[in-house]
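Asks: Sharing a structure, written as structure tokens. Questions coming.
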Amino acid sequence: MSDHHHGPEKGLMRWVLTTNHKDIGSMYMWFSFAMFLLGGSMAMVIRAELFQPGLQIVEPNFFNQMTTMHGLIMVFGAVMPAFVGLANWMIPMMIGAPDMALPRMNNWSFWILPFAFALMVSTLFMEGGGPNFGWTFYAPLSTDYAPPSTTFFIFAVHMMGVSSIMGAINVIATILNLRAPGMTLMKMPLFVWTWLITAYLLIAVMPVLAGAVTMMLMDIHFGTAFFNAGGGGDPVLFQHVFWFFGHPEVYIMILPAFGIVSAIIPAFSRKPLFGYTSMVYAVASIAFLSFIVWAHHMFTVGIPLVGEIFFMYATMLIAVPTGVKVFNWIATMFRGSLSFETPMLFSVAFVVLFTIGGFSGLMLSIAPADFQYHDTYFVVAHFHYVLVPGAIFAIFAGTYYWLPKWTGHMYDTALSKVHFWMSFIGMNLTFFPMHFVGLAGMPRRIPDYNMQFADFNMISSIGGFMFGVTQLLFLFIVIKCVRGGEKAEAKPWEGAHGLEWMVPSPAPYHTFTTPPDVK
Amino acid sequence: MRLQARRLVMLLTGLTTSPALWAEWAFNMPEGVTDLSRSIYDLHMTIFWITVVIGVLVFGVMFWSVIFHRKSRGAKASEFHESTLVEILWTSIPFAILVVMAIPATKTLIEVYDADNADIDIKVTGYQWKWQYEYLGEDVSFFSNLSTPRDEISNARPKNPNYLLEVDEPLVVPIGKKIRFLVTGADVIHSWWVPELAVKKDAIPGFINESWAKINKPGIYRGQCAELCGKDHGFMPVVVDARTQEDYESWLQEKREEAAKIRELTQKDWTMSELMAKGEEVYNKVCVACHQLNGQGLPPMFPALKGAEMAVKREMIDDHINIVLYGKKGTAMQAFKDQLSEVDIAAVVTYERNAWGNNTGEMITPKDILDYKKDGKYTGRHSQENAKEAK
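In order, the protein sequences belong to chains C and F.
Using this note's numbering, the letters of the first sequence map in sequence onto residues 18 to 536.
Using this note's numbering, the letters of the second sequence map in sequence onto residues 3 to 393.
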């Protein structure tokens, strides 16, 4: 194809110094997978302790560190970097750009992450243990009553924020400046659109998180009382600031997933995406709404009636654009010519299970009912239904869809289907019973429980172990595919569309050094 | 281990064969025992069935395509890919459903917020890791601690049916009266939750939240703290004992008499062995969660008392009493002056100075604690008198 003056350098320095979007994308993906296994093994500790009533394996304080670290690592270490990795790999190839717009900053955004997480995970070994106040770190449990290592946690969050903001700036600069001639905004693949909107969300809210942790730092070390009523502050202020970040953050973790699924479903339905324009508008509306619903995480803190009603209505509204997306995916499948290769399996599971998570979300939006659901396992079931088969299944789907493009090999399709079915069954076995224990009255974040919750918890644990072990199979499949396998064509999927399929597989180190012609 | 295996087998066979087993399990939100909890339950079931209907329709169309529009069945793909009419329809129909749902939800919400004109006011304060109940205007106030024995938690003994959902002193309330709960926190944020009353309100230090319930049926209603509040978040249950008006009043009378008796006990002359026995009892209830049964604590968060300077040096008795009474700011060590009587405090300090090899031989009496509260220092007056008698 094109003429290469140089390929990648050899050895370790290739990875340390690289400014190549594909190298950086791969590093993000590997880092994310390592964090997925680390956060996952913490989930295994949690499920082992909850296998039956009584305290068996860990102390309550360590249990709290596990729930906290599991959440933080999965959100900031596994899901977000995986999407940034996919953005790095795919956005330049999808819009016909030679690389990301800011390649050196790209290198830096990645290399901050291993240090940030090394710092955060190291707190587990410090005197007093690591963060034990939940991934939402509500003050004053995370300030006046926190272990000494909290300061390190705060700096780790700052570093992650810097990394995310730089990554987001890079994505925006790339999409707005480096599109090939003819690639108008409304011709961009939905993955690019969702990432453009996600990047704006990131720039808007990561500084808010930085503000929240900085106020914590001040409260802990410099005698301020932002979150201490005794000094004129307000513990609820923390929650407002946190969730002003936190709710858009939830959509940061799902919008790129919408983009991936919107690429895969048409490809394996052999039919164009239904309602492209409405899909773009739906994503934009969801992003807008994400800024005005934050207090639905706080229905029980005692906000005034009018505030409660406003946040209830605004939250219910999210169901409308989200529904539009689901209807569009199904309309795309309707009267298509469907086949169920692994990416499609994960995508169909995504639509079904994400919708179930959406249903429980709709239930949670009803404020009076939320008084019963809030802080129970019903909520745990809800957000795992939108995050595991939502974000994570979409990442698997994307990986299986683009892996032949990245490696130049087909993966072991039989094994990948085993991976899908084991994940699908394991995931449902883990999280579906949580709806029941939550409704029956089991609070979240407890290391021990009454016997009435025992049977469902045991099922959840068995499902959890099954889901956990299955992910080692995914590692095996990917390594096997990287090392060899049947040669992949430039476009291994019959129904796939997009510029990324115009370049050979594996994608050369430099692609689109001259812009392609977009019709 | 064998028990586990048996339960697992029962579980798996039960799942597939016996619908009766399903019936025993709690699946769903309780309907509860107040009018409000019923309305909330109805809202929950309404929105649930709405999502079920939408789910059946949406997944129905999807699985229709999955089954009948397969390439392997020779399906040919159509080319249609947009329809403004369809988009408008599936935007506006869900919107209409939401409006229909919002009306009853708003009505119920307004009721939940109407805590005015209550018959009884009870202040509920969350502490790490217990609840305090104060009956405003009644001069009755007490703490409610988990009463599940540690042995059951550590699996040394079989668990009773109310495992982790039982307390030493439940909140006693009358039925048929509007009870207003004024909820606050003493240290971190807790959340006071009783599913059967559909009351869940965050207990936030420095702020007072309102909630209310009018209970229709006498009974014991159990709940838990719902907001992560540190190490023993899972071990601070809420138990509400709803009684008829007469039973409630006679209970109130008993509580008042009890308070008088405690005042008497403060004046009594205590012996070392009485104080040690009482002290052990108090310690195992109140202090053990952090400082541990063996007095070795869980450093650095929860320091050891065994061999600790404060608990063995004579000149530090003042500090010892002070920290128990007034707590230590910025740590989990809270002020016990309102939670424990002078007798309890004297006993527990004596116990800590003589248990686990801290054999100081020093005895602190309830009168010493009274003096301390008055003068702000330990005089040892009463203890010396006692010591003389003991000889």
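Glycine included, each C-beta is placed from N, C-alpha and C at the ideal position.
Since we're looking at a predicted model, the values are computed, not measured.
Please name the residue or residues paired with residue 426/C in a DSSP beta bridge.
Replies: Residue 426/C pairs with 504/C.
Asks: By DSSP, does residue 487/C sit in helix, in strand, or in coil?
Replies: Residue 487/C falls in the helix class under three-state DSSP.
Asks: Using three-state DSSP, classify residue 19/C as helix, strand or coil.
Replies: Legend: pLDDT at residue 19/C = 46, less than 50; position of this residue unreliable, no value from coordinates given.
Asks: Where do the ends of the alpha helix (DSSP H) carrying residue 39/C lie?
Replies: Counting along the chain, the alpha helix (DSSP H) containing residue 39/C begins and ends at 38-66.
Asks: So with CB distances below 8 Å, who are the chain C contacts of residue 77/F?
Replies: 352, 353, 354 and 355, listed in chain order.
Asks: Within 8 Å, do at least three Cβ pairs link the segment 109-123 of chain C to the segment 521-529 of chain C?
Replies: Touching, yes, given that three or more Cβ pairs across the two stretches are closer than 8 Å.
Asks: Need the endpoints of the beta strand (DSSP E) that residue 176/F sits in, please.
Replies: Here the beta strand (DSSP E) through residue 176/F covers 173-176.
Asks: So, is residue 356/F buried or exposed, given that buried needs 16 or more other C-beta atoms within 10 angstroms?
Replies: The residue is buried, with at least 16 neighbouring Cβ atoms inside 10 Å.
Asks: For residue 192/C, does the three-state DSSP call read helix, strand or coil?
Replies: Three-state result, residue 192/C: helix.
Asks: Determine the closest residue to residue 332/C out of 284/F, 259/F, 313/F and 100/F, with distance taken between C-alpha atoms.
Replies: The shortest Cα separation from residue 332/C among 284/F, 259/F, 313/F and 100/F belongs to 100/F.
Asks: Are at least three pairs of beta-carbons, each pair with one atom in the segment 343-358 of chain C and one in the segment 54-71 of chain F, less than 8 Å apart?
Replies: Contact holds: three or more Cβ-Cβ distances are below 8 Å.
Asks: Given that residue 155/C touches chain A, what residues does it touch there, using C-beta distances under 7 Å?
Replies: Any reference to chain A falls outside this structure, whose protein chains are C and F.
Asks: Does the beta-carbon distance from residue 232/F to residue 131/F come in below 9 Å?
Replies: Cβ atoms of residue 232/F and residue 131/F: closer than 9 Å.
Asks: Spatial neighbours of residue 494/C within its chain, please: C-beta separation below 7 Å, excluding the five flanking residues on both sides.
Replies: Excluding sequence neighbours, residue 494/C sits near 428, 429, 432, 433 and 436.
Asks: Could you give the distance in angstroms between the alpha-carbon of residue 174/F and the alpha-carbon of residue 90/C?
Replies: When rounded, the distance between both Cα atoms is 44 Å.
Asks: At 3 residues or longer, what runs of the beta strand (DSSP E) sit wholly inside the segment 251-323 of chain F?
Replies: As far as the segment 251-323 of chain F is concerned, it has no whole beta strand (DSSP E) run of at least 3 residues.
Asks: Name the residues in the segment 46-70 of chain C whose C-beta lies less than 7 Å from a C-beta of chain F; which are they?
Replies: Per Cβ criterion, the list reads 69 and 70.
Asks: Kindly list, in the order they appear in chain C, the residues whose Cβ is closer than 8 Å to that of residue 45/F.
Replies: Here the neighbours are 383, 385 and 386.
Asks: With C-beta atoms as the reference, is residue 126/F less than 9 Å away from residue 258/F?
Replies: Result no, Cβ atoms of residue 126/F and residue 258/F do not sit closer than 9 Å.
Asks: Identify whether residue 217/F lies in helix, strand or coil by the three-state DSSP scheme.
Replies: Here residue 217/F sits in strand by DSSP.
Asks: Given a limit of 7 Å on CB to CB distance, which residues of the segment 436-460 of chain C reach chain F?
Replies: So the close ones are 453, 456, 457, 458 and 460.
Asks: Counting only the same chain and skipping the five closest in sequence on each side, list residues whose C-beta sits under 6 Å from that of residue 172/F.
Replies: Contacts found: 241 and 243.
Asks: Per DSSP, residue 212/F is paired with what?
Replies: Per DSSP, 184/F.
Asks: Quick one: what does DSSP say residue 21/F is sitting in, helix, strand or coil?
Replies: Residue confidence for residue 21/F is low, a pLDDT of 45 falling below 50, so the modelled location carries little weight; the figure read from the coordinates is stated next. Helix, per DSSP.
Asks: Could you tell me the distance, in whole angstroms, from the CA atom of residue 260/C to the CA atom of residue 534/C?
Replies: The straight-line gap from Cα to Cα measures roughly 44 Å.
Asks: Tell me whether residue 498/C sits in a helix, a strand or coil according to DSSP, three-state version.
Replies: The answer is helix: DSSP assigns residue 498/C an H, G or I state.
Asks: Roughly how many angstroms lie between the CA atoms of residue 105/F and residue 362/C, to the nearest whole one?
Replies: If you take the alpha carbons of residue 105/F and residue 362/C, they lie about 39 Å apart.
Asks: What's the C-alpha gap between residue 268/F and residue 336/F?
Replies: Near 22 Å, if we compare the C-alpha coordinates of residue 336/F and residue 268/F.
Asks: When you check each C-beta in the segment 221-236 of chain F against every C-beta of chain C, which residues fall closer than 9 Å?
Replies: Correct list: 224, 225, 226, 227, 228, 229, 230, 231, 232, 233, 234, 235 and 236.
Asks: Would DSSP call residue 384/C helix, strand or coil?
Replies: Helix.
Asks: Could you work out which residues of chain C lie near residue 334/F, taking near to mean beta carbons separated by less than 8 Å?
Replies: By Cβ distance, chain C contributes 162.
Asks: From the beta carbon of residue 288/C, is the nearest beta carbon of chain F less than 9 Å away?
Replies: Cβ-Cβ to chain F under 9 Å: yes for residue 288/C.
Asks: Taking only beta-carbon atoms, is residue 391/C less than 9 Å away from chain F?
Replies: It does: the Cβ of residue 391/C has a partner Cβ on chain F nearer than 9 Å.
Asks: Nearest CA to the CA of residue 482/C: which residue from 63/C, 43/C, 536/C and 49/C?
Replies: Checking every option, the nearest Cα to that of residue 482/C belongs to 63/C.
Asks: Should residue 205/F be labelled buried (16 or more other beta-carbon atoms within 10 Å of its own) or exposed?
Replies: It is buried - the Cβ of residue 205/F has at least 16 other Cβ atoms within 10 Å.
Asks: If you draw a straight line from the C-alpha of residue 519/C to the C-alpha of residue 532/C, how long is it?
Replies: About 12 Å.
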